[in-house]
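Peer 1: In order, the protein sequence lines correspond to chains G and V.
Using this note's numbering, the letters of the first sequence correspond one by one to residues 1 to 566.
Using this note's numbering, the letters of the second sequence correspond one by one to residues 567 to 1132.
Structure in structure tokens, see below.
There are 2 protein chains.
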Amino acid sequence: MKTYSLGLDFGTNSCRSLIVDLDNGQELASQVVPYPSWQDGVFLDSKDPNVARQEAEDYLFSMRESVRGAIDRANDDDSSFDRTRIIGIGIDATGSSPMPVNEEGLPLSQTPEFKGNPDAMVWLWKDHSSFAEAAQITELAEKERPRYLAKIGGIYSSEWFWSKILHCKNVSPEVFKAAHSFVEICDYIPAVLAGNTKPDSIVRSICAAGHKALYSETWGGLPDKEFLSDLNSDLGGLSDRLYTKAVSSDQLAGCLCREWGEELGLNPGIAIAVGAFDAHMGAVGAGVKEGTLVKILGTSTCDIMVFPRNKKLADIPGVCGIVDGSVLPGFFGIEAGQSAVGDIFFWFVHHLVPDSYGRTVENKFKNLEKEASLQKPGEHGLLALDWNNGNRTILVDVRLSGLILGQTLHTSAHEIYRALIEATAFGALTIINRIEEYGVAVNEIINCGGLAAKNPFLLQIYADITGRPMKVSQSDQTCALGAAIFGAVAAGPEQGGFKTVEEAQKAMTGIREVYQPDKNNHFVYKDIFKLYRQLHDAFGTSSWSGSLSFVMKDLIALRETQRQED
Amino acid sequence: MKTYSLGLDFGTNSCRSLIVDLDNGQELASQVVPYPSWQDGVFLDSKDPNVARQEAEDYLFSMRESVRGAIDRANDDDSSFDRTRIIGIGIDATGSSPMPVNEEGLPLSQTPEFKGNPDAMVWLWKDHSSFAEAAQITELAEKERPRYLAKIGGIYSSEWFWSKILHCKNVSPEVFKAAHSFVEICDYIPAVLAGNTKPDSIVRSICAAGHKALYSETWGGLPDKEFLSDLNSDLGGLSDRLYTKAVSSDQLAGCLCREWGEELGLNPGIAIAVGAFDAHMGAVGAGVKEGTLVKILGTSTCDIMVFPRNKKLADIPGVCGIVDGSVLPGFFGIEAGQSAVGDIFFWFVHHLVPDSYGRTVENKFKNLEKEASLQKPGEHGLLALDWNNGNRTILVDVRLSGLILGQTLHTSAHEIYRALIEATAFGALTIINRIEEYGVAVNEIINCGGLAAKNPFLLQIYADITGRPMKVSQSDQTCALGAAIFGAVAAGPEQGGFKTVEEAQKAMTGIREVYQPDKNNHFVYKDIFKLYRQLHDAFGTSSWSGSLSFVMKDLIALRETQRQED
Chain G
1 MKTYSLGLDF GTNSCRSLIV DLDNGQELAS QVVPYPSWQD GVFLDSKDPN
51 VARQEAEDYL FSMRESVRGA IDRANDDDSS FDRTRIIGIG IDATGSSPMP
101 VNEEGLPLSQ TPEFKGNPDA MVWLWKDHSS FAEAAQITEL AEKERPRYLA
151 KIGGIYSSEW FWSKILHCKN VSPEVFKAAH SFVEICDYIP AVLAGNTKPD
201 SIVRSICAAG HKALYSETWG GLPDKEFLSD LNSDLGGLSD RLYTKAVSSD
251 QLAGCLCREW GEELGLNPGI AIAVGAFDAH MGAVGAGVKE GTLVKILGTS
301 TCDIMVFPRN KKLADIPGVC GIVDGSVLPG FFGIEAGQSA VGDIFFWFVH
351 HLVPDSYGRT VENKFKNLEK EASLQKPGEH GLLALDWNNG NRTILVDVRL
401 SGLILGQTLH TSAHEIYRAL IEATAFGALT IINRIEEYGV AVNEIINCGG
451 LAAKNPFLLQ IYADITGRPM KVSQSDQTCA LGAAIFGAVA AGPEQGGFKT
501 VEEAQKAMTG IREVYQPDKN NHFVYKDIFK LYRQLHDAFG TSSWSGSLSF
551 VMKDLIALRE TQRQED
Chain V
567 MKTYSLGLDF GTNSCRSLIV DLDNGQELAS QVVPYPSWQD GVFLDSKDPN
617 VARQEAEDYL FSMRESVRGA IDRANDDDSS FDRTRIIGIG IDATGSSPMP
667 VNEEGLPLSQ TPEFKGNPDA MVWLWKDHSS FAEAAQITEL AEKERPRYLA
717 KIGGIYSSEW FWSKILHCKN VSPEVFKAAH SFVEICDYIP AVLAGNTKPD
767 SIVRSICAAG HKALYSETWG GLPDKEFLSD LNSDLGGLSD RLYTKAVSSD
817 QLAGCLCREW GEELGLNPGI AIAVGAFDAH MGAVGAGVKE GTLVKILGTS
867 TCDIMVFPRN KKLADIPGVC GIVDGSVLPG FFGIEAGQSA VGDIFFWFVH
917 HLVPDSYGRT VENKFKNLEK EASLQKPGEH GLLALDWNNG NRTILVDVRL
967 SGLILGQTLH TSAHEIYRAL IEATAFGALT IINRIEEYGV AVNEIINCGG
1017 LAAKNPFLLQ IYADITGRPM KVSQSDQTCA LGAAIFGAVA AGPEQGGFKT
1067 VEEAQKAMTG IREVYQPDKN NHFVYKDIFK LYRQLHDAFG TSSWSGSLSF
1117 VMKDLIALRE TQRQED
């Protein structure tokens, strides 16, 4: 008899539910429901572009609607489908996206006292308000606990757990005081489904804990109380109310409670896997294994690799995290990423593209791409930095910004669009080079996420700039698929699931297509990448010192060469 | 009885005729006629953005139409007007805009052999194809004739006379061979009106000769034949067919011939002043005197000062030229400028402003300005370089390009618009500082040209950034007014004109309004200017070496400060 798993993917703006056939990975039905509050579910502060918050209630609303919708669709599309044969649920979410909760596990923004207070909401991954606290944590750890930094690339980020909590303490002491604990969304949702959100009962994800909260078994869990107290005297007390153990997603977070079974139309008691971040589960859904780099290309980008825990792995400076078991059990998970990729293109199209390219965003993208694809590398004479939202890897610095140079009086929007895509590809190549320099071979690149599914033009530029084939995963929903894989593993073979993640991947993942690099284009891009690295180092590193007067001249000379070759 | 003078201003895209009352400078009537060929009268090459050419015939067509139109208007508006009381004509034109002519003075592009050949047309001032030749001239002069460079800022430009002629020789030897001579437009038009365009009869302008053709009486005129032959063996021969003497615009170029008297409806025999460049005559029309900087703000910018010839004046590196008599007789004329100002704003509005700001270019400008004027200095967090068309002063380098940095995912078009205006103001301040560092005090700044007349927002930013009052000349047509002043001086007091340029200025020029700097804004802009100078020197000078990692961080910090002060 057929069995299914349900993957729940909590993205930045919506929740996706995906029902997967465990025999072959076939995606029976999927439903996306945007978060209902504000625009795209994100609270923004017009005075401070660093702020990005969400309401946990939005997640539950969109989860309920999307699961019901997916079940309805599966019923409509496949008369043999039986929802009672869904044997497990896996959950991924953005992160680090922590929120303060009270003793019962109720989000503080749902208490009368803090309703509508942004500091009592979920601090979304891309909230950058906590940059000063991040610097403070890095500084203290450099002095007192250098081993904490070794596994997270050397710099603690403003996007992460402790920075956000410390900033909350600094700007909203009343919220901090009322917070019994702080919970990541990827831990909160499984707890809600299991019917127990009491902070000390919640099973915490090794993925969130290890990559963002300085958790490691080598030092016995979270940072020690002395270190936290040195950061802020009140932080030491909080640590007693967080957690001491975090586990990987092949483990059970609990079983579906009656109430949520009814809400979703699923059998109570089925397995709920421990949550993890979207990118990490996405990598599993894309088929990550040793030597494979999975790129999740979306509004931002996550790069995921795994490396056997029994082999020696160096610390890789600037890489977001190296965490035992965060992607696959038995492997170190390696995470890197770019703070904005699709977001940069959206910004450009929304703010700087005239209607001569089309009236809708969709048409603008189409025509920008059409014009830009006629150009050769270097023909536009432009060079950009992909830092409109800071740089996550390898600089780990949110206090950076975008840069475009090379404009003449004839530069057009589609030329800038191409330069922005190229900038994100140069950023991607910078990450690949860094990882390989530290002994982790990248033998294969699999792309997934929205841009991989929709943007062949971008993938070709990525292939040309990196000089490597760009594979695209078979599934368009690798995060939800990865979550479903973990749901099936958590359920186990006796329920019709799988014994290991590798077995599940073999049955359920694959490659759809491959973009091969063009050798001539790669040759030209090698030179432009050298210029990119000069700008990257000049504006992004305090150690750089040198000259830049050749940059504009080299780009002009290349532009002339490329145009004359027509 | 009233007397009038006619000023003819040959701009980049059109010819303006202005009839002025010599009693009080009142502008009776004015008519602008665009050049009829191509878009805005400029031949462009889609494969090479450096190319910009024009047809001399266009000038004659637009002159004829605009003079007739101005006379008709004056007749309509003032029944006492009598066109036979126009006693003189002054002419200004863009430059260096030379063209090849045959022995009769006929433009080569009007001969059957070279019709339609862009290299046989007028090489418009902003044509930048000759950058390699400019470098060659600079290099040779540094070695063999350093005195040639001392008065032109140290670097010979691709926009200038000899670079263009040498490039013509290199790319179109057949055009060069057929050229009996080369004539600047500001010399050609007076010769046409005087009825004799034979190259050896044309009275040449000291303004064009001194600023662009390395002419100086201190070395006996144009560069010596040996130097020219060293540049190219054929250039030595050409020098015999150019000129040995150039004079200032208070002198007569000739008297109006019968044919053109009839064409224009003017008395044959009236005085035609020697021509000069538009900016130089514009400075006179704006009231230039010792200590006054006149800024002509248009698609590009010219900065003009005068300094008494009997005082000691240092060479000023990077300043386009210091030429005895090029603006006012008895004074050194000092010329500096920015290669693109209005052109940058037009580029931006045409290529990168969505229709949400308006459907027409006019409405887009209006709404960009409206939104941008609500911002405080530094609030947008952006910094730009004003080099989309290279940098004329103080770097004298066309192989530079635009740069914008500081973009977030929220940066909007009006913020970039403001940053671009600020960039041009920082460029303006860089020029002022350079001139003052070399001992020429700038006690007063008078603005004129299209942007001065139309853009109070820009003038306020210029005042705030420079920390100096920005005066606006009474006339909107200072170039044509300056030309009319020279027409009146060339005619002389016996015809009802003036004895000296100073007398004519006193009667005919004035100030309309003054923008005072805001002290708080100036204080903030002083810090941003320091960052601008870092970028300026880093990308623009080969001698710079240093760090830049503070630039983005300082801008972000300033943005936060300025936003929080709301």
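The beta-carbon is built from N, C-alpha and C at its ideal position, and this holds for glycine as well.
Identify which residue in G/175, G/286, G/12 has its Cα closest to the Cα of residue 504 of chain G.
Peer 2: Residue 504 of chain G has its Cα closest to that of G/286, out of G/175, G/286, G/12.
Peer 1: Determine which residues share a DSSP beta bridge with residue 968 of chain V and list them.
Peer 2: Answer is G/407, bridged to residue 968 of chain V.
Peer 1: Return yes when the Cβ of residue 123 of chain G is within less than 9 Å of the Cβ of residue 178 of chain G, no when it is not.
Peer 2: No; because the gap between Cβ atoms is not below 9 Å, this pair is not in contact.
Peer 1: Reducing DSSP to helix, strand and coil, say where residue 482 of chain G ends up.
Peer 2: Residue 482 of chain G falls in the helix class under three-state DSSP.
Peer 1: Taking the alpha-carbon positions, what's the residue 445 of chain G to residue 515 of chain G distance?
Peer 2: Going from the Cα of residue 445 of chain G to the Cα of residue 515 of chain G covers about 11 Å.
Peer 1: Applying the criterion that 16 or more other CB atoms from any shown protein chain within 10 Å of the CB defines a buried residue, is residue 604 of chain V buried or exposed?
Peer 2: Its Cβ having fewer than 16 others within 10 Å, residue 604 of chain V is exposed.
Peer 1: Does any C-beta atom of chain G lie closer than 9 Å to the C-beta of residue 1026 of chain V?
Peer 2: Chain G, which has no Cβ nearer than 9 Å to the Cβ of residue 1026 of chain V, makes this no.
Peer 1: Between which two residues does the alpha helix (DSSP H) holding residue 1124 of chain V run?
Peer 2: It spans 1116 to 1130 - the alpha helix (DSSP H) in which residue 1124 of chain V sits, taken as one unbroken run.
Peer 1: Less than 9 Å between CB atoms is the rule here; does residue 99 of chain G satisfy it with respect to chain V?
Peer 2: Not an interface residue.
Peer 1: Run the CB neighbour count on residue 1002 of chain V, radius 10 Å, all protein chains shown included, and call it buried at 16 or more, exposed below.
Peer 2: Exposed, since its Cβ has fewer than 16 Cβ neighbours within 10 Å.
Peer 1: Count the other CB atoms, across all protein chains shown, that sit within 10 Å of the CB of residue 878 of chain V; report buried if there are 16 or more and exposed otherwise.
Peer 2: Residue 878 of chain V should be labelled exposed.
Peer 1: Within 8 Å, do at least three Cβ pairs link the segment 375 to 384 of chain G to the segment 416 to 428 of chain G?
Peer 2: Output reads yes: the segment 375 to 384 of chain G touches the segment 416 to 428 of chain G.
Peer 1: Taking C-beta pairs closer than 9 Å, name the residues in chain G that residue 913 of chain V reaches, listed in chain order.
Peer 2: 407, 408, 409, 410, 411, listed in chain order.
Peer 1: Considering residue 272 of chain G, what are the terminal residues of the beta strand (DSSP E) in which it resides?
Peer 2: Residue 272 of chain G -> beta strand (DSSP E) spans 271 to 273.
Peer 1: Quick check: the Cα distance between residue 103 of chain G and residue 213 of chain G, rounded to an integer number of angstroms?
Peer 2: In a straight line, the C-alpha of residue 103 of chain G is about 21 Å away from that of residue 213 of chain G.
Peer 1: Run down chain G in chain order and give the residues with a C-beta less than 7 Å from the C-beta of residue 1111 of chain V.
Peer 2: By Cβ distance, chain G contributes 545, 546, 547.
Peer 1: Does residue 757 of chain V get closer than 9 Å to chain G when you measure Cβ to Cβ?
Peer 2: Not an interface residue.
Peer 1: Under 8 Å, CB to CB, which of the residues in the segment 34 to 54 of chain G have a partner in chain V?
Peer 2: Flagged, chain order: 47, 48, 49.
Peer 1: Give the range of the alpha helix (DSSP H) segment to which residue 567 of chain V is assigned.
Peer 2: Unbroken run through residue 567 of chain V: none, as it is neither H nor E.
Peer 1: Assuming residue 1113 of chain V and residue 542 of chain G are in contact, meaning their beta carbons sit under 8 Å apart, how far apart are those beta carbons, in whole angstroms?
Peer 2: Confirmed, Cβ separation roughly 7 Å.
Peer 1: Measure from the alpha carbon of residue 56 of chain G to the alpha carbon of each residue in G/26, G/119, G/75, G/72, then state which is nearest.
Peer 2: Residue G/119 is the option with its Cα nearest to residue 56 of chain G.
Peer 1: Scan the segment 610 to 683 of chain V and note each continuous beta strand (DSSP E) run of 3 residues or more that stays entirely inside, going in chain order.
Peer 2: Counting only runs of 3 or more, we get 614 to 620, 652 to 659, 664 to 667.
Peer 1: Report back the beta-carbon spacing between residue 1074 of chain V and residue 586 of chain V to the nearest angstrom; my notes put them in contact at under 8 Å.
Peer 2: Correct: roughly 7 Å between the Cβ atoms.
Peer 1: When we look at the beta-carbon of residue 1116 of chain V and count the other beta-carbons within 10 Å, is it buried (16 or more) or exposed?
Peer 2: That one is exposed.
Peer 1: DSSP puts residue 874 of chain V in a beta bridge; with which residues?
Peer 2: Looking at the DSSP assignment, residue 874 of chain V forms a beta bridge with V/897.
Peer 1: In three-state DSSP terms, what is residue 277 of chain G?
Peer 2: Three-state result, residue 277 of chain G: strand.
Peer 1: Can you tell me the Cα-Cα spacing of residue 201 of chain G and residue 28 of chain G, whole angstroms?
Peer 2: Answer to the nearest angstrom: the Cα atoms are 33 Å apart.
Peer 1: For residue 674 of chain V, which residues in the same chain have their Cβ closer than 7 Å to its Cβ, ignoring the five residues on either side in sequence?
Peer 2: Here the set comprises 666, 667, 668, 680, 686, 741, 744, 745.
Peer 1: Rounding to the nearest angstrom, what Cα-Cα distance links residue 147 of chain G and residue 954 of chain V in this structure?
Peer 2: Spanning the two alpha carbons is a distance of roughly 48 Å.
Peer 1: Quickly, what does DSSP pair residue 295 of chain G with across the bridge? List them, please.
Peer 2: Its beta-bridge partners are G/303, G/447.
Peer 1: Which residues share a DSSP beta bridge with residue 471 of chain G?
Peer 2: Residue 471 of chain G is bridged to G/446, G/514.
Peer 1: Exposed or buried, which one is residue 789 of chain V when buried takes at least 16 other CB atoms within 10 Å?
Peer 2: Residue 789 of chain V should be labelled buried.
Peer 1: Do you know offhand how far residue 316 of chain G's Cα is from residue 305 of chain G's?
Peer 2: Rounded to the nearest angstrom, the two C-alpha atoms are 13 Å apart.
Peer 1: Out of G/162, G/30, G/78, G/372, which has the shortest C-alpha to C-alpha gap to residue 181 of chain G?
Peer 2: Ranking the options by Cα distance to residue 181 of chain G, first place goes to G/162.
Peer 1: Short of 8 Å Cβ to Cβ, which residues in the segment 325 to 343 of chain G face chain V?
Peer 2: Cβ contacts with chain V: 340, 343.
Peer 1: Shortest alpha-carbon distance to residue 556 of chain G belongs to which of G/241, G/4, G/528?
Peer 2: Checked all of G/241, G/4, G/528; the closest Cα to residue 556 of chain G is G/528.
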